[in-house]
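Heads up, the thing below is written out as structure tokens.
Protein chains in written order, with the numbering used here: chain A, 198 to 739; chain B, 198 to 739.
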């Protein structure tokens, strides 16, 4: 890492920003005035390669923006990003690199890691994905009863499905799936129960995604799937494929399956959509060529994130504004509001990507943090959100919003007009109006209809719902997240915060297992609350 | 309303709670110690009619709880709730009652409103729903081409679909739908484009839900649906039904349709699931008898919310704890985490119900509020959430969590075991473990693995996914929301905060319409940002 000072508060720019924020708040600078300053939009917006970012309605001015760039320089954000891309050990707690960008790198000849070329390994897996999915589509690979595949169930949780589900749901608007995907993340048996209503067991593939092949939920759902296959007289060797680490218990040939596709230690779960984790299911659904187009979109954004100078670097600026909003203006949350139903699953993906990466309690050198790291992310598509929680956004406790617009919808058949505009035009009228209303507000004599305004937002535009555009959007959120982590001096690649729950769940599981074996186990050694819940679980009634 | 003092800060209990919170924070009372105090679980949990609420892991003690009940009494919360149920004008800004409880009231003989009996009017609509949906199910009512109906598209936004979608998705785990529902809230044309891929126009009903029949999005989607019917040579009179106010433009016979089902002024959108808004689609999907069972569940909770004394009143206590967490402990958000995939759509519904009801800037008497009203609501089902944002929940900025457990899953066919437990048992092991881990935390020498704990949560249990249990859960969130509004001295039934966006969108729509008519309109009268977006919209490219 570039700097030894991992606490962001030790940088001069941070101190300067603190005093800038104090005077900014004290002067009570209102957004309705800020957005009318000269050349505001020109100075506070950027366009690159069919991706547009407008931060003119953020509560910043020239001096603040300048100092934010200074903060990026003092924390060596760009240098660290380049180190990440070239394979340095940026994930210091787990002592490994974070090479998700290598999964879509079409420019570097090689990235050496322990004398092995990462690019060669990635290309090998992609070739395997291409060949396997073509054989499924060409009906060369079929199920036990000789029928060709129509559906695939993805068994994987967290980073093993959220990104893939986002891309799948976004692309299926424009590309008819060759294979329908279903997602089974939850150990909840009713998640399984609903999915098997929708599939024909004879024409269904099961994709098991787990790096270690020990993830509790995934293994429990795998066992449930194996029982289901057995009861339907189907051979797992014809119906199961795995995405897992080399030599894990799920890797062929130790595991009987149609094949294994390798995940690598150097790509973390929540950054893994461009690897086999997204590659296999998405290529099954849309064909490998479309997955390749998606990778190209990711790569375009990666190149921008690496090469653009601070002042033109969209993911970096987004990260700086996020830090400004959470650490200096004290906003506790960010809403992501795509004016696009196809992007409904973007927010759950970014919620994981961002909150798991940045919700940390220690800096890179193991010191307890004394500043905010990340914020809560939530959101629903607009205009739906306007009829849901936007009452709160306008008149309740304020929070920043990230709007996303898509220039061209997919649907191109007969379209009605209402009040003289098409539905897509109506959608955009609302997108534009909300950002303006939140910023400007409105005064009236009736307090119930008073809008304080001064509520910040950014607006992102992408051109369409093609694989390239979705790839750019995905890589944008990845780059912005790691940039924010680098500037905050924390590790955006580990997730030790999930460990305690696992340990405690294991203790309770043991109690349940004992009771399954010996019905006389009465949980009296446990605290009252835990005993209460376990008694009810076994009584099967409140 | 019972009290003239609408500002919660004017109550003695509020002042007392302020000083209690200061000493509580100063004493640094940790939850790991609190939960071990004598009879903690017995004193801080409640069970009623197959509904359990455990608030033993909230950061409160006996003195705080006592004072919270005092706050409820001083704000006349229970009295106001009873007034609401009996039809008093509790929605003061819009000068009308809020009688959603009447939609499932099986005990009161009559509720008079302007000399009309509300109960009779509601029963009339329910009879009409029963008869109509039976005729659909019995195939007496068919589409233009003589085929019987298999699908219905609900066109409605906000309160006209979120609650219904929650109940539909929860119940379909246990009850096979007779008619499949699809939801078309968004004016995004791709929302429409995806739905028509899934339906056969000849066997599809369209349910248009809008009280005024002027909601922009709903009318735009109606026009799109009418064009679609026309292009498929189908008669709207055979394929459209409306849920709307008497004498609105969508009311039969002024509108050509299969029939109209009336909505009433005295039931607000976000509280309308038990009215025809939920009644018609849910009865189509599951039969009127199941909708009736759902109403009974709602009513059971309503009776509890009305009759239980403060100390035993679950929705009231939940509201008090919510106020404690947001106004005294300064938490900015609440996560709702059902350990149940079937409840995936509960959070988006409650997000609207709660944030639109409580995200207000004025008290009942029109004074600008100087305290927090409501909080951000977000969430995903567990265990999924554990692999998403629970890193942040354990080690990032803390927020309270509401866990929900379901004692009995629906799926009852062959079940596998893993590590000696069933999937449902594994789910519960995690549900119990998370609440414990968040409260207790854990100390280690490695700061990266340090869990500060002291993070509050509640746990709600329902027995199953029957219509009765889902009704109780829905009515619980309604009662808890209005209780919080009453105590905060705000109006939980209006939503003036959505007006500004509508006005501004209308201005922009006019600009777009002008350009549609006259291509030379070049938006030069508009601000740079707005012009930028409109130029791109018409250029169809970034």
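Backbone N, C-alpha and C fix where the C-beta goes; we use that ideal spot for every residue, glycine too.
What is the DSSP secondary structure of residue i, counted as helix, strand or coil?
| i | result |
| --- | --- |
| residue 346 of chain A | coil |
| residue 314 of chain A | strand |
| residue 633 of chain A | helix |
| residue 600 of chain B | strand |
| residue 615 of chain B | strand |
| residue 232 of chain A | coil |
| residue 459 of chain B | strand |
| residue 309 of chain B | strand |
| residue 401 of chain B | strand |
| residue 658 of chain B | strand |
| residue 572 of chain B | coil |
Using a Cβ cut-off of 7 Å (strictly closer), state whether residue i contacts chain B.
| i | result |
| --- | --- |
| residue 370 of chain A | yes |
| residue 634 of chain A | yes |
| residue 379 of chain A | no |
| residue 328 of chain A | no |
| residue 710 of chain A | yes |
| residue 198 of chain A | Unreliable positioning characterises residue 198 of chain A in this predicted model, as indicated by a pLDDT of 41, which lies under 50. The coordinate reading is nonetheless provided below. False, the Cβ-Cβ gap to chain B never drops below 7 Å. |
| residue 624 of chain A | yes |
Is there a Cβ of chain A sitting closer than 7 Å to that of residue i, yes or no?
| i | result |
| --- | --- |
| residue 733 of chain B | yes |
| residue 374 of chain B | no |
| residue 539 of chain B | yes |
| residue 679 of chain B | no |
Chain B partners of residue i, CB-CB under 7 Å?
| i | result |
| --- | --- |
| residue 420 of chain A | 613, 615 |
Using only CA atoms, which one of the options lies nearest to residue i?
| i | options | result |
| --- | --- | --- |
| residue 543 of chain B | B/670, B/223, B/221, B/565 | B/670 |
| residue 631 of chain B | B/601, B/613, B/609, B/641 | B/601 |
| residue 273 of chain B | B/679, B/386, B/719 | B/679 |
| residue 370 of chain B | A/553, A/395, A/367, A/354 | A/395 |
| residue 290 of chain B | A/467, A/725, A/643, A/275 | A/643 |
| residue 558 of chain B | B/327, B/682, B/328 | B/682 |
| residue 279 of chain A | A/513, A/385, A/227, A/702 | A/513 |
| residue 350 of chain A | A/295, A/440, A/575 | A/440 |
| residue 257 of chain A | A/587, A/547, A/636, A/427 | A/636 |
| residue 599 of chain B | B/640, B/578, B/532, B/568 | B/532 |
| residue 213 of chain A | A/707, A/521, A/592, A/687 | A/521 |
| residue 575 of chain A | A/523, A/545, A/660 | A/545 |
| residue 556 of chain A | B/541, B/705, B/645, B/698 | B/645 |
| residue 702 of chain A | B/627, B/736, B/730 | B/627 |
| residue 352 of chain A | A/324, A/299, A/412, A/304 | A/412 |
For a contact defined as C-beta to C-beta under 7 Å, what are the partners of residue i on chain A?
| i | result |
| --- | --- |
| residue 621 of chain B | 386 |
| residue 382 of chain B | 581 |
| residue 238 of chain B | 725, 726, 729 |
| residue 674 of chain B | Within 7 Å Cβ-Cβ: nothing; residue 674 of chain B doesn't reach chain A, min ~14 Å. |
Since residue i meets chain A, which of its residues come closer than 8 Å, beta carbon to beta carbon?
| i | result |
| --- | --- |
| residue 644 of chain B | 558, 559, 563, 564, 565 |
| residue 695 of chain B | 583, 584, 587, 588, 591 |
| residue 691 of chain B | 645 |
Quick one: is residue i buried, meaning 16 or more other Cβ sit within 10 Å of its Cβ, or exposed?
| i | result |
| --- | --- |
| residue 277 of chain A | buried |
| residue 417 of chain A | buried |
| residue 292 of chain B | exposed |
| residue 430 of chain B | exposed |
| residue 309 of chain B | exposed |
| residue 515 of chain B | buried |
| residue 560 of chain B | buried |
| residue 224 of chain B | exposed |
| residue 254 of chain A | buried |
| residue 506 of chain A | exposed |
| residue 565 of chain B | exposed |
| residue 236 of chain B | exposed |
| residue 259 of chain B | exposed |
| residue 473 of chain B | buried |
Could you tell me whether any non-hydrogen atom of the ligand NAD is closer than 6 Å to the CB of residue i?
| i | result |
| --- | --- |
| residue 272 of chain B | As far as ligands go, the structure on display features none, and thus does not contain the ligand NAD. |
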